[in-house]
Amino acid sequence: MNTRTTHFETDGLTGLKIEPDGGTVGKLIVLLHGYGGDAASNAAFGEKLAAARADAAVAVLDGTAPVPPENDPSRRQWWNLDETRFDGRLCSFMPYLARPEQRELIARTVPEIHETAVRLNRFVLKTLKAYGLSPRDCFLAGISQGGITAFETALFCDGLENLGGLISIGSGIVGADRLRGRPANAVPVLLARGARDEIFPKTVDYFSRAVLRESGHPVELDEADSAHFGLEHAVCGAVCDFIGRHC
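Using this note's numbering, read the sequence shown as starting at 25 and increasing by one per residue.
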């Protein structure tokens, strides 16, 4: 399959678009990288996702802010991730079960994630409109911190209730109890995890599956023999299969 890759800037968001060369775009895949990456570092994975559908365009976005204190433009994040305090084990369970200081951290982090998610939600809807597509034609995929952000964008913002599919690669939901206050829908979800993930233990995916199914989402769980870093390439086959089956 022949594709062309171009840089874009839309409403302050930047990244790469991988599009069919000369063909009509019938599907949109939006990819959010993990903490410390950028669009360029995830372009190869984006190319693999583009191969899942001959008519798919893949938008690989740059995180919305540089990682301090390096301030290196090639090291990006989606929201302020304090590595000294963030604990992947806090994802997808009920926050009231956490210690008070952990509950305070979650309460402070959720608004930051949501602010970014609102921007990304607008980008997705605007890009779909430009291609003449609907949310049903879109797949939103996120890796690690990008996966947390993808959950927020698809599940806690308006407009993507009929999303074609949501793909979490080594991530979870921050403030999962909020799902119980949202209208039930049926966005297909793939939870792709590493058997040796040192940041997000398997309980995160089990909790994610439980709360998502409770909200009406059909959920698939795939596990690869991988640690956290590089997981996206280990689960690439499962991700492409998921996209192919839900198109």
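Glycine is no exception: its CB is placed at the ideal position from the N, C-alpha and C atoms.
Quick one: is residue i buried, meaning 16 or more other Cβ sit within 10 Å of its Cβ, or exposed?
| i | result |
| --- | --- |
| residue 121 | exposed |
| residue 182 | exposed |
| residue 133 | buried |
| residue 31 | exposed |
| residue 46 | exposed |
| residue 44 | buried |
| residue 95 | exposed |
| residue 205 | exposed |
| residue 26 | exposed |
| residue 229 | buried |
| residue 41 | buried |
| residue 176 | buried |
| residue 219 | exposed |
| residue 275 | Only positions 25 to 271 of the chain appear in this structure, which leaves residue 275 out of reach. |
| residue 256 | buried |
| residue 6 | It is not possible to answer for residue 6, since the shown part of the chain is limited to 25 through 271. |
| residue 77 | buried |
| residue 106 | exposed |
Provide the residue(s) that pair with residue i in DSSP beta bridges, ordered along the chain.
| i | result |
| --- | --- |
| residue 166 | 56, 192 |
| residue 217 | 247 |
| residue 9 | Summary: the structure shown does not reach residue 9, with the chain confined to residues 25 through 271, and so no result is reported for it. |
| residue 111 | Answer by DSSP bridge pairing: none, since residue 111 is not bridged. |
| residue 83 | 41, 54 |
| residue 96 | 91 |
| residue 27 | 44 |
Which residues bound the beta strand (DSSP E) around residue i?
| i | result |
| --- | --- |
| residue 132 | Residue 132 -> not in any beta strand (DSSP E); alpha helix (DSSP H) instead, spanning 124-155. |
| residue 77 | No beta strand (DSSP E) holds residue 77; DSSP gives it neither H nor E. |
| residue 89 | 89-91 |
Measure the beta-carbon distance from residue i to residue j and round it to whole angstroms, keeping in mind my assumption that it falls under 8 Å.
| i | j | result |
| --- | --- | --- |
| residue 214 | residue 249 | With 8 Å as the limit, residue 214 and residue 249 do not qualify as a contact, their Cβ atoms being about 17 Å apart. |
| residue 164 | residue 174 | 5 Å |
| residue 172 | residue 198 | 6 Å |
| residue 152 | residue 52 | 6 Å |
| residue 39 | residue 85 | 4 Å |
| residue 29 | residue 147 | So it is not a contact: roughly 18 Å between Cβ atoms. |
| residue 242 | residue 200 | In fact, because the Cβ distance is near 17 Å, the residues do not count as touching under 8 Å. |
| residue 262 | residue 216 | 6 Å |
| residue 19 | residue 178 | Because the chain spans 25 through 271 in this model, residue 19 falls outside it and cannot be assessed. |
| residue 130 | residue 119 | 5 Å |
| residue 75 | residue 264 | 7 Å |
| residue 58 | residue 170 | 5 Å |
| residue 231 | residue 65 | That belief does not hold up - the Cβ atoms of residue 231 and residue 65 are roughly 29 Å apart, past 8 Å. |
Could you check where the alpha helix (DSSP H) with residue i kicks off and where it finishes?
| i | result |
| --- | --- |
| residue 73 | 67-74 |
| residue 235 | 226-238 |
| residue 266 | 260-270 |
Consider the Cβ of residue i: report whether some Cβ of chain C lies at a distance smaller than 8 Å.
| i | result |
| --- | --- |
| residue 203 | Of the protein chains in this structure there is only one, and it is not chain C. |
Any heavy atom of the ligand ADP closer than 7 Å to the Cβ of residue i?
| i | result |
| --- | --- |
| residue 125 | The ligand ADP is absent from the structure shown, which contains no ligands of any kind. |
- Counting Cβ pairs, one atom from each stretch, are 3 or more of them under 8 Å apart for the segment 149-160 and the segment 97-112? Because the criterion of three Cβ pairs below 8 Å is not met, the segment 149-160 and the segment 97-112 do not touch.
- Query: Are three or more beta carbon pairs between the segment 136-145 and the segment 207-227 nearer than 8 Å?
  - Reply: Contact fails: fewer than three Cβ-Cβ distances are below 8 Å.
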